[in-house]
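Protein chains in written order, with the numbering used here: chain A, 79 to 485; chain B, 79 to 485; chain C, 79 to 485; chain D, 79 to 485. In what follows, a structure is listed as structure tokens, so that the remarks can point back to it.
Number of protein chains: 4
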Amino acid sequence: MNTISSLPENNQLNDLLVNLKDFLKKEIIPHEQNWLKMPWSEVEKEIRTHRDFLKEIGAWNPYLSKNHGGPGYSLMEVAQISEVLGGSFFGHFACNCQAPDAGNIELLLQYANDEQKEKYLFPLLNGEIRSCFSMTEPDNAGSNPILLNTQAKKENGYYIINGRKWFTSSADGASFAIVMAVTNPDAENPYQRASMLLSPTNAPGFNLVRNIPIMGHAGTGWASHSEIIYDNVKIPESDLIGPENQGFKLAQERLGPGRIHHCMRWIGICERAFDLMCQRAATRKTGLKSFLGEKQMVQEMIADSRAEINAARLMVLNAANKMDTLGQKAAALEISTIKFFVAGILHKVLDRAIQVHGALGVTDDTILALYYREERGARIYDGPDEVHKASLARKILQQYGLKVHND
Amino acid sequence: MNTISSLPENNQLNDLLVNLKDFLKKEIIPHEQNWLKMPWSEVEKEIRTHRDFLKEIGAWNPYLSKNHGGPGYSLMEVAQISEVLGGSFFGHFACNCQAPDAGNIELLLQYANDEQKEKYLFPLLNGEIRSCFSMTEPDNAGSNPILLNTQAKKENGYYIINGRKWFTSSADGASFAIVMAVTNPDAENPYQRASMLLSPTNAPGFNLVRNIPIMGHAGTGWASHSEIIYDNVKIPESDLIGPENQGFKLAQERLGPGRIHHCMRWIGICERAFDLMCQRAATRKTGLKSFLGEKQMVQEMIADSRAEINAARLMVLNAANKMDTLGQKAAALEISTIKFFVAGILHKVLDRAIQVHGALGVTDDTILALYYREERGARIYDGPDEVHKASLARKILQQYGLKVHND
Amino acid sequence: MNTISSLPENNQLNDLLVNLKDFLKKEIIPHEQNWLKMPWSEVEKEIRTHRDFLKEIGAWNPYLSKNHGGPGYSLMEVAQISEVLGGSFFGHFACNCQAPDAGNIELLLQYANDEQKEKYLFPLLNGEIRSCFSMTEPDNAGSNPILLNTQAKKENGYYIINGRKWFTSSADGASFAIVMAVTNPDAENPYQRASMLLSPTNAPGFNLVRNIPIMGHAGTGWASHSEIIYDNVKIPESDLIGPENQGFKLAQERLGPGRIHHCMRWIGICERAFDLMCQRAATRKTGLKSFLGEKQMVQEMIADSRAEINAARLMVLNAANKMDTLGQKAAALEISTIKFFVAGILHKVLDRAIQVHGALGVTDDTILALYYREERGARIYDGPDEVHKASLARKILQQYGLKVHND
Amino acid sequence: MNTISSLPENNQLNDLLVNLKDFLKKEIIPHEQNWLKMPWSEVEKEIRTHRDFLKEIGAWNPYLSKNHGGPGYSLMEVAQISEVLGGSFFGHFACNCQAPDAGNIELLLQYANDEQKEKYLFPLLNGEIRSCFSMTEPDNAGSNPILLNTQAKKENGYYIINGRKWFTSSADGASFAIVMAVTNPDAENPYQRASMLLSPTNAPGFNLVRNIPIMGHAGTGWASHSEIIYDNVKIPESDLIGPENQGFKLAQERLGPGRIHHCMRWIGICERAFDLMCQRAATRKTGLKSFLGEKQMVQEMIADSRAEINAARLMVLNAANKMDTLGQKAAALEISTIKFFVAGILHKVLDRAIQVHGALGVTDDTILALYYREERGARIYDGPDEVHKASLARKILQQYGLKVHND
């Protein structure tokens with residue numbers, strides 16, 4: 079059953095949230111417009127000037143568990159941090175908990191050997207290098223593992239990787255990629271065919287073909303999504319991440335908390351857009367004495383948005399809470415649900431905020447147009463809405479005795 | 079901020095919820111179809127045979143506070159009871175916590191004098207009589223107090239009530255009405271013009287004109303909504319309920335918890351409809367070997383419904399929790415929000431459940447058609463969606479400095 | 079390509095439309111509320127008092143072609159008559175062009191032998207008897223012919239019909255049924271298994287089990303939908319309608335024009351609801367000086383409804399025009415489309431009209447609540463929306479080379 | 079009443095449409111991706127290489143009336159040309175009937191003096207220069223004429239223009255602007271305050287501040303929208319366009335046909351997106367043997383899109399037909415309606431087409447992402463949906479006796 083009650087008091091967290099909001103407002107949001115026009119390498123330099131301060135207030139690597147030297151917040155607490163950081167495009171990066179690095183850090187913390195830790199994990203934790211995660215392939219539906227083409231053949235203590243990936247986010251400028259590749263093509267269980275491998279981006283045969291132009295921009299650095307050709311990339315056996323042929327299992331484990339982070343980031347975006355919408359409605363004149371906010375059609379957009387954002391947040395916090403208390407498996411339905419539910423609300427809220435801004439809303443004079451373009455993908459990446467809906471329904475119908483095959 | 083976490087353990091409540099579900103399944107739901115065809119007076123007799131059992135398991139008057147001899151559940155706990163009872167059209171009535179009696183009991187507990195307690199409150203608490211609440215008028219928009227026409231003039235120690243009301247639910251067979259009437263038409267503050275008065279239904283001049291036919295049925299007894307003409311109904315001054323001219327304040331106080339009950343009842347209906355929809359999808363063949371549930375369009379209806387019902391429940395529990403912990407005023411935005419948000423979801427879920435049932439869905443062979451007709455009003459009564467949305471938006475925009483006048 | 083231009087002038091039609099509107103307004107609509115409470119047999123008597131007048135103005139059997147003695151209107155012209163008649167629940171019946179009789183008349187005109195004409199067709203054309211069409215079965219998805227269970231076995235010059243049907247509309251009081259039954263269960267092509275047979279309703283073994291209660295009412299006479307058990311009903315071979323085993327082909331032929339009639343009737347309902355909604359918005363006060371129609375949320379409902387009704391009408395007229403000029407087959411995509419498109423708009427317009435009426439909208443004091451209940455079925459009967467959408471998409475995708483199998 | 083029937087045969091038009099489709103397919107669409115990356119001046123050169131051919135097939139200035147030397151197509155015929163040209167971002171420009179030039183040509187044909195014709199109109203008609211239309215102001219709601227700030231004061235035979243405009247489309251590289259400016263600030267009727275003036279873009283004081291970045295791109299040349307400061311721009315009195323103080327009337331006249339062009343262009347975009355969506359659905363594998371198009375959720379997107387695009391086209395053609403036959407005033411409701419109705423459908427179809435493309439849909443590897451960004455404005459420019467809906471509803475409610483004041 080869904081449950082809800084007062085959040086347990088956590089003064090440390092509350093202080094952090096207040097500090098982070100203040101930090102974003104003063105140090106990040108005023109620079110957004112400029113940074114969005116600069117090459118990433120320069121942006122990164124500017125953002126990194128705040129690293130010491132963020133460490134000081136406990137905002138650096140805020141997702142880390144206590145036994146890895148972090149603050150040890152629960153997933154439900156981490157979720158609230160992610161919402162606040164979602165208030166700016168640069169929020170997560172500033173605190174070193176941006177995708178895809180945060181997920182890669184999780185994997186390395188659990189599976190990296192000492193050399194890998196030295197070379198990759200520690201610099202990552204310190205925000206000195208970046209990484210990427212190379213799974214999606216252009217020729218195959220991402221939601222269906224049977225269709226993965228990239229191969230890693232084992233020869234003489236090496237894996238030889240060949241294949242084409244795209245939407246390898248943040249590959250441009252990254253030091254290494256974690257690559258999903260088929261290592262056991264003949265496995266009966268299609269979920270036990272692939273492994274995760276660590277490939278340096280300067281390895282011979284690692285070809286970054288292009289930063290894919292998305293909604294008009296190819297982006298640079300962390301803010302880009304690359305197409306990569308792996309052309310006989312040679313990786314020592316020791317650069318396997320986790321057990322062989324268990325790539326999908328690891329990806330799945332990585333996905334649960336990742337979905338919470340994503341969804342809460344989206345809610346942070348929603349709140350930002352909602353705030354802009356209300357400001358506009360409250361101040362834009364439509365006549366000599368009348369304001370946009372007096373129009374009922376605008377009021378309806380505000381009311382619906384408020385209701386839906388609140389619903390979205392409660393759904394995600396509830397899922398996080400269930401994962402915290404009962405584990406990821408017990409929260410499977412909830413995790414499936416939030417992906418499409420929150421992405422849908424994000425889309426609607428952004429659309430309304432733009433509409434209320436009128437012509438200004440489609441310009442880049444506000445941040446809304448960026449979010450509108452960037453986050454159209456939210457209903458697609460990590461599995462399109464349709465896949466999640468079908469999956470959720472199948473799980474439910476199974477409880478009613480109907481076994482629907484997954485095609 | 080919206081908050082959420084594990085429900086505090088309450089074994090007493092958990093036991094009650096289990097017992098109630100079992101009771102509805104065995105003793106109520108199997109009789110629904112028959113009862114819906116019988117006159118209310120006979121239905122009531124049958125339902126009342128379970129009174130002793132329900133008292134025994136702590137399900138009788140379950141909303142009552144400890145100092146009134148009840149179990150003393152918090153509003154958030156009461157909400158969960160209301161959801162379970164919402165699983166049948168007769169659920170709340172069985173436990174003596176149906177509208178409008180539950181709200182009237184609240185008023186009498188607080189304001190009744192000894193004679194009123196003896197004559198009305200105690201029989202109500204024991205399920206021996208019924209009552210009604212007479213506020214809405216056919217000629218005036220219910221959401222605007224300035225427009226109330228019914229007058230109660232004070233003369234020689236009596237109020238003389240004149241006016242026309244409708245949607246006085248459950249008046250047919252009730253022992254008394256609590257009537258909202260203007261007692262101070264000249265008050266500057268329009269919210270301080272009306273009072274609540276207790277009128278026996280057998281008082282001279284209390285004319286029950288008709289049970290209004292609603293969606294094809296006039297109904298009888300508790301399951302009806304009457305039109306009443308108050309024609310010089312004479313009420314002793316002592317039958318004022320609460321302070322004079324404070325009728326709207328009392329109505330408002332009554333409304334907060336009432337909205338929680340309503341919304342959770344709707345969620346109970348949603349769960350019932352969802353269950354029927356899934357059963358149908360899992361068992362109805364569309365071909366020799368294919369089932370309705372294998373169709374993605376059906377799956378989408380199931381997934382969207384699951385997500386939305388979960389969201390609705392969390393929204394209501396969150397509002398209840400806020401009322402429990404911070405008071406009704408602090409939860410004003412949340413209470414405004416749940417009314418339209420949950421009513422909208424109720425409507426969508428019922429519509430989908432009918433659609434998945436095909437031709438069967440519009441027949442009375444399932445309970446869905448009843449809910450579809452009966453609950454179309456949910457988006458209208460207690461203030462139509464549009465009024466709540468505008469009100470919520472105005473409250474929000476006020477925080478942004480825009481004062482929108484309420485017309 | 080979709081085409082459009084000025085309607086050719088047809089003064090005869092224009093006069094008829096004007097006369098019919100006037101007739102409905104004066105002679106039918108004022109009686110609706112009473113008639114809806116009376117048993118059908120009495121209603122029918124009252125309506126039939128207008129037969130001579132309607133014959134006189136050319137409104138009796140207005141769908142009939144010239145070579146059958148009718149006015150010979152094109153389908154596009156007939157469509158406009160159907161819209162006007164749709165303005166009242168009793169409109170089509172008054173002019174003897176109501177479903178299911180109009181479709182049965184078409185079948186008999188084409189296939190009846192002399193005896194059948196004498197006994198059934200001529201009385202039908204004169205409005206002296208009624209008929210029904212018995213196809214849908216409770217245990218089978220109506221949209222899938224493979225699943226038809228009712229059998230008609232040929233023995234010694236007779237068909238012996240056995241099976242269970244429901245939603246045999248207007249069976250109560252009808253003189254005969256046209257029954258769809260499997261006559262060749264082993265045919266390879268499942269569309270060539272069934273035939274249409276004419277069964278008198280007083281034939282031994284024709285058991286009208288019940289008028290199915292739909293949305294709270296079982297109805298009577300023409301305004302009812304029955305469940306029928308065919309228990310060894312014996313029909314002479316000569317009462318086959320059309321060629322043997324071609325039942326689905328005939329049903330399909332009957333369906334094309336039938337869909338135009340239905341859709342235009344719905345548009346007539348939409349216009350009625352729209353008119354009520356606007357009247358309400360223009361006259362209902364929400365404050366001392368303010369009207370409902372000044373609220374933007376109400377304005378949006380009006381504007382969206384106007385746009386959608388116009389779109390619906392153009393879609394249906396365009397489909398009718400294509401059928402008139404290029405034939406039913408060429409208009410297949412258009413006919414698939416209008417069913418779900420118009421039914422969806424009907425549903426939305428009725429819902430909005432009720433919402434604008436507030437509490438009044440759910441009462442039977444306006445006609446809206448009747449339509450809301452009765453026409454929920456519009457998105458289900460003659461194939462649910464989902465079936466039509468899937469069918470349309472499959473036809474389109476076939477043009478792109480994808481053969482989607484129909485399950 | 080809405081009317082519809084077969085299009086009158088027009089072989090000349092039909093040939094043109096076929097030729098244009100072929101031309102776009104072979105000469106324009108293959109270059110789109112390149113051209114979108116090039117500065118406009120270079121694109122223009124390439125497109126202009128086709129001018130002679132387009133003149134030859136009768137596609138150059140296809141909107142021109144016979145008495146101006148054009149083909150003299152009716153608005154309903156022109157609409158069909160606009161749909162075909164809408165199939166490419168560069169379609170209208172190729173044929174010299176792009177906004178804002180087409181509208182400016184109309185104005186000059188009617189109002190230009192000989193000098194203006196020589197200097198501006200003839201080069202425009204020959205595609206040698208470009209122009210812009212300067213009306214919208216950043217500080218004022220575009221839909222409310224009372225709020226126009228830009229002033230043109232008459233002094234010594236000159237107008238002195240001062241003010242700030244934005245969304246002056248295609249100003250970058252244009253030879254002149256037609257500017258809307260207040261010439262009679264004290265006029266009682268606010269619709270008679272402004273005039274249209276012709277200002278060369280190289281006039282002293284005409285400052286093109288910036289091409290406004292819109293959805294990530296500032297654009298160049300014709301494909302841009304500028305912010306302009308008019309700083310004491312001095313215009314001879316003779317460069318008034320049309321009668322003084324009648325600017326709004328002229329703008330209104332220009333708007334009617336312009337809306338038809340826009341809406342049909344959007345339908346052209348819809349058809350392009352629909353085609354891409356179907357191609358994708360028919361060819362993209364989701365499993366070893368299964369295709370995207372077999373999924374019902376995809377089928378629903380296709381079916382809904384097909385229905386809605388057809389509806390949109392019929393609505394626009396019907397409005398055009400009414401303007402052709404009864405005049406712009408008689409078609410006022412229809413013109414109000416199509417703006418929001420078609421823009422809404424455009425938005426939905428683009429969104430679905432992207433969703434069906436998955437990750438590919440957000441990249442610039444298809445044209446969809448461009449349209450998604452560019453055409454978000456369709457629901458805003460020329461009056462946001464909300465303004466049109468309110469306006470339509472007000473006009474309707476006036477017929478019911480309610481005078482809603484326009485604020």
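Just so you know, even glycine gets a beta-carbon here, dropped at the ideal spot from N, CA and C. Predicted model only: the values in this text are computed from it and were never measured.
Listed along chain B are GLN374, each with a C-beta nearer than 7 Å to that of LYS373 (chain D).
Going by beta carbons, ASN227 (chain B) and ASN218 (chain B) fall inside the 9 Å limit.
Relative to MET355 (chain A), the option among A:ARG384, A:SER304, A:MET154 whose CA is nearest is A:ARG384. For LEU475 (chain B), a Cβ of chain A is located within less than 9 Å of the residue's own Cβ. Among the residues facing chain A, HIS340 (chain B) is not included, as its CB has no counterpart in that chain under 9 Å away. Here GLY241 (chain A) is bridged, per DSSP, to A:TYR308. Only exposed fits THR361 (chain A), as fewer than 16 other CB atoms lie within 10 angstroms of its CB. GLY461 (chain D) and PHE418 (chain D) have their C-alpha atoms some 9 Å from each other. Taking the C-beta atoms as reference points, HIS295 (chain A) is found no nearer than 9 Å to ALA177 (chain A).
Taking a beta-carbon distance threshold of 9 Å, GLU305 (chain A) does not count as an interface residue toward chain C. Three or more beta-carbon pairs separated by less than 8 Å link the region 200 to 217 of chain A to the region 248 to 258 of chain A, which places the two stretches in contact. By the CB criterion at 9 Å, ASN323 (chain B) and GLN377 (chain B) fall outside the cutoff.
Taking C-beta atoms under 8 Å as the contact rule, ALA157 (chain A) and LEU395 (chain A) qualify, at a distance of about 6 Å. In the three-state reduction of the DSSP assignment, VAL257 (chain B) falls in the strand class, which pools E and B. Secondary structure of PRO314 (chain C) (DSSP, three-state): strand.
Counting along the chain, the unbroken beta strand (DSSP E) around ARG288 (chain B) starts and ends at 284 to 289.
Residues of the same chain with a CB within less than 6 Å of the CB of GLY165 (chain A), apart from the 5 flanking positions on each side, are LEU102, GLY346, ARG350 in chain order. Around the beta carbon of LEU392 (chain C), 16 or more other beta carbons lie within 10 angstroms, which makes this residue buried. Counting of Cβ neighbours within 10 angstroms places ALA265 (chain D) among the exposed residues, the total staying below 16. Looking from the CA of ILE290 (chain C), the closest CA among B:ILE416, B:SER212, B:THR444, B:VAL287 belongs to B:THR444. In this structure, the alpha-carbon of LEU446 (chain A) lies about 7 Å from that of LEU428 (chain A). In this model, LEU275 (chain A) and PRO268 (chain A) are separated by some 18 Å (Cα to Cα).
DSSP, read as helix, strand or coil, puts THR444 (chain C) in coil. In chain order, ILE345, VAL420, ILE423 place their CB closer than 6 Å to the CB of ALA390 (chain B), counting only its own chain and leaving out the 5 sequence neighbours on each side.
Contact check for MET293 (chain B) and ARG454 (chain B): beta-carbon distance about 7 Å, within the 8 Å limit, so the pair qualifies.
A direct Cα-to-Cα measurement between PHE131 (chain B) and PHE171 (chain B) gives close to 14 Å.
Under the three-state reduction of DSSP output, ILE319 (chain A) falls in the strand class. Residues of chain B with a Cβ closer than 7 Å to the Cβ of LEU142 (chain A) do not exist; the shortest Cβ-Cβ separation is about 22 Å. In the DSSP assignment, PHE369 (chain C) falls outside any beta strand (DSSP E), carrying neither H nor E. The DSSP-derived three-state label of GLU105 (chain D) is helix.
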